[in-house]
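Just below is one structure, and these are the notes that go with it.
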Amino acid sequence: MRSEHHTVSITADRTALTDPARLAAVRRYEILDAPTDGQFDTIAAAAAAVCGTPIATVSIVDADRVWFAAARGLDGVAQVGTEPGLCASAFCAEGPYVVNDAVTDPRTLDHPLVRGELGLRFYAAAPIVTADGHHLGTVTAIDAMPRELTEAQTTVLGHLADQVAQHLELRLATIKAVRAERQLRAEAEQRAAAAAELAAQIRAAAAVQATTPHPEHCQLGGTTACTEPAEIKIADSWGDSAWGCTTHVEEAILTVRSVFIASEELGGLDAYLHRASKR
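So the sequence shown is numbered by UniProt numbering: it starts at 1 and just counts up by one.
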């Protein structure tokens with residue numbers, strides 16, 4: 001018969017599994033179902049070697065499954081269920097979670113991996129914990145025969161779990177950096193396309209306005225007079241207008257949102273066009 005303590009433990013495990021903040025942490029690392037990069041395989045191999053077990057895993061615990069980022073000695077197994085007692089309980093522990101003999105331990109004796117074909121007897125796990133305290137999964141050593149770990153082996157298992165957490169942080173930083181670079185590249189391409197479009201509009205406006213009477217020199221030089229020839233008339237939403245050289249016209253359009261080319265073809269001021277057509 002299950003003890004009251006065991007029932008409380010199962011409830012606590014289920015609460016930890018479905019905790020929204022924890023699941024958000026799992027999602028932010030984008031590790032679930034990601035292709036292996038070899039880093040976790042090395043850690044699983046190290047866990048098996050240190051603990052002397054034929055099976056070792058690096059697992060990430062989702063709300064309804066335990067997904068293996070690496071699994072040594074479990075060929076073809078990508079994930080298992082979240083039945084309490086093993087990974088679904090070990091991941092939320094505050095330290096090493098060790099089951100020396102699963103068929104006699106009340107936490108695990110009814111677990112499918114214990115009663116099933118695998119015949120699991122020994123299970124030792126260290127939780128993978130993020131810097132902000134979220135428990136993501138475990139580094140685990142598994143055997144089909146009972147055994148015990150030394151203090152040194154248990155310590156190393158914990159260090160391996162810490163390495164997984166560190167690798168996940170590095171992986172996340174890389175993902176963010178790549179995305180930021182892509183965003184910057186996309187923005188640069190958009191700016192380049194906008195600049196090319198504006199240059200084409202300016203050339204078209206200069207050709208349209210070439211026969212329209214206009215001042216000889218650019219009027220957009222500010223306090224420093226510009227001696228470049230005036231080629232294009234621009235206006236703003238207030239109705240003010242001026243003639244400028246291509247350089248100053250482009251600068252004005254790019255820096256002042258309300259400025260636009262006064263040209264019929266390019267959506268300029270109707271009043272200006274009507275006045276120009278009557279000259």
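Glycine is no exception: its CB is placed at the ideal position from the N, C-alpha and C atoms.
For Leu157, the enclosing alpha helix (DSSP H) has its first and last residue at 151-209. The Cβ atoms of Ala47 and Leu160 sit closer than 7 angstroms to each other. Boundaries of the beta strand (DSSP E) around Ala126: 122-129. According to DSSP, residue pairing for Ile43 in a beta bridge does not occur. When only Cα atoms are considered, Ala173 and Ala34 end up about 16 angstroms apart. Beyond the five residues adjoining it in sequence on each side, His167 comes within less than 7 angstroms, by CB distance, of Gln39 in the same chain, given in chain order. DSSP, read as helix, strand or coil, puts Val98 in strand.
Rounded to whole angstroms, the Cβ separation of Ala63 and Thr130 is 17 angstroms, and the two are not in contact under 8 angstroms. Secondary structure note for Ala141: its beta strand (DSSP E) is the uninterrupted segment 135-143. The alpha carbon of His134 has as its nearest neighbour, out of Glu151, Pro20, Ser258, Val259, the alpha carbon of Pro20. The three-state secondary structure of Ala56, taken from DSSP, is strand. Using a Cβ-Cβ distance cut-off of 8 angstroms, the region 199-211 and the region 60-77 are not in contact, since fewer than three pairs of beta carbons, one from each stretch, lie closer than that value.
Using a 10 angstroms sphere on the CB of Arg121, the tally of other CB atoms reaches 16 or more, which defines it as buried. The residue among Ala69, Asn100, Thr36 with its C-alpha nearest the C-alpha of Thr53 is Asn100.
Ala235 and Ala262 have their alpha carbons spaced roughly 6 angstroms apart. Apart from sequence neighbours up to five positions away, the residues of its chain that approach Ser59 with a beta-carbon distance below 6 angstroms are Val66, Phe68, Cys87, Gly137, Thr138, ordered along the chain. In this structure, Ala152 lies away from Thr140, with their beta-carbon atoms at least 7 angstroms apart. In the DSSP annotation of this structure, Arg72 is not part of any alpha helix (DSSP H); the continuous beta strand (DSSP E) holding it starts and ends at 66-72. With contacts defined by Cβ atoms closer than 7 angstroms, Pro215 and Trp243 form a contacting pair. Going by C-alpha positions, Thr57 is about 14 angstroms away from Leu32. Ile232 is the residue among Glu169, Ile232, Ala177 whose C-alpha sits nearest the C-alpha of Ala199. The continuous alpha helix (DSSP H) containing Ile253 extends over residues 246-255. Residue pairing by DSSP puts Phe260 in a beta bridge opposite Ala235. Per DSSP, the beta-bridge partners of His217 are Pro229.
The criterion of a C-beta distance shorter than 7 angstroms is not satisfied by Val156 and Ile43. For Ala25, the enclosing alpha helix (DSSP H) covers residues 20-28.
In this structure, the CA atom of Thr227 is about 12 angstroms from the CA atom of Thr247. Beta-bridge analysis with DSSP links Ala242 to Ile234.
Shown here, Val114 sits in a helix according to DSSP, grouped into three states. Here Gly85 is near Arg107, since their CB atoms are less than 7 angstroms apart.
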